[in-house]
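The structure appears right after this line, and notes come after that.
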Amino acid sequence: MPANTLKKFLDEKHIRYVTIAHSAAFTAQEVAESAHVRGKELAKTVIVFADGQMTMAVVPATCKVDLDYLRRAMSSRRVALATEQEFRDKFPGCELGAMPPFGNLFGMEVIVDRQLAMDKEIAFNAGSHTELIRLAYEDFERLVQPRKADIC
2 MPANTLKKFL
12 DEKHIRYVTI
22 AHSAAFTAQE
32 VAESAHVRGK
42 ELAKTVIVFA
52 DGQMTMAVVP
62 ATCKVDLDYL
72 RRAMSSRRVA
82 LATEQEFRDK
92 FPGCELGAMP
102 PFGNLFGMEV
112 IVDRQLAMDK
122 EIAFNAGSHT
132 ELIRLAYEDF
142 ERLVQPRKAD
152 IC
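Heads up: the sequence shown runs through residues 2 to 153, numbered per our numbering.
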């Protein structure tokens, strides 16, 4: 989903947001630094398999997904990180590794770390390595309806 498609979706839902252009960055920490966003407010999307089901785990840029925490939170027997090869075709129009945390638009469940829910705003990749979108966390939650848990 290119940034324009995501923006159109947000506009149709009457969501207020800000786009942040930044120089190309590929890790969550680099993105936060380049875009001048606090790492704890920048959401990174990690793709996992939970009992064979592809799922989005969304955590602050400053954290790593704890697969044991995630497995318990999802009541799954097995949770594993997906490889780029396994999910590369699942997000048409997005640069690899820059998927926005809108699993509902891709037919995926989303589980978000509670730390992100504590902030008023959330920022995330908009489908590219050069643009972020920032919006109110409550709007994100209303649109995506993620499961919340301690996963990092």
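In this text, a Cβ means the ideal position worked out from N, Cα and C, and glycines have one as well.
Problem set entry | For Glu85, the three-state DSSP class (helix, strand or coil) | helix
For this session: Assuming Tyr138 and Leu106 form a contact by the criterion Cβ under 8 Å, report the distance between their Cβ atoms to the nearest whole angstrom.
Result: The pair is not a contact, with the Cβ atoms about 18 Å apart (cut-off 8 Å).
Problem set entry | Three-state secondary structure assigned by DSSP to Ala36 | helix
For this session: Give a yes or no on whether the C-beta atoms belonging to Gly128 and Glu96 are separated by under 8 Å.
Result: yes
Exercise. With 16 other CB atoms within 10 Å as the buried threshold, where does Pro93 fall?
Worked result: exposed
Exercise. Would you report the Cα separation of Gln155 and Leu71, rounded to the nearest angstrom?
Worked result: Because the chain here runs from 2 to 153, residue 155 falls outside it and cannot be looked at.
For this session: Let me know the secondary structure DSSP gives Met2 once reduced to three states.
Result: Confidence at Met2 is low in this model, with a pLDDT of 48, below 50, so the placement of that residue should be treated as unreliable; the coordinate-derived value is given next. In this structure, Met2 counts as coil in the three-state DSSP scheme.
Exercise. Is DSSP giving Val47 helix, strand or coil here?
Worked result: strand
Exercise. Hey, would you say Ile48 sits closer than 8 Å to Leu133, going by beta carbons?
Worked result: no
Problem set entry | CB of Ala58 within 8 Å of CB of Gln30, strictly | no
For this session: Give the DSSP bridge partners of Ile134, in chain order.
Result: Thr20, Phe125
Exercise. Which residue comes first and which comes last in the alpha helix (DSSP H) that contains Gln116?
Worked result: 115-118
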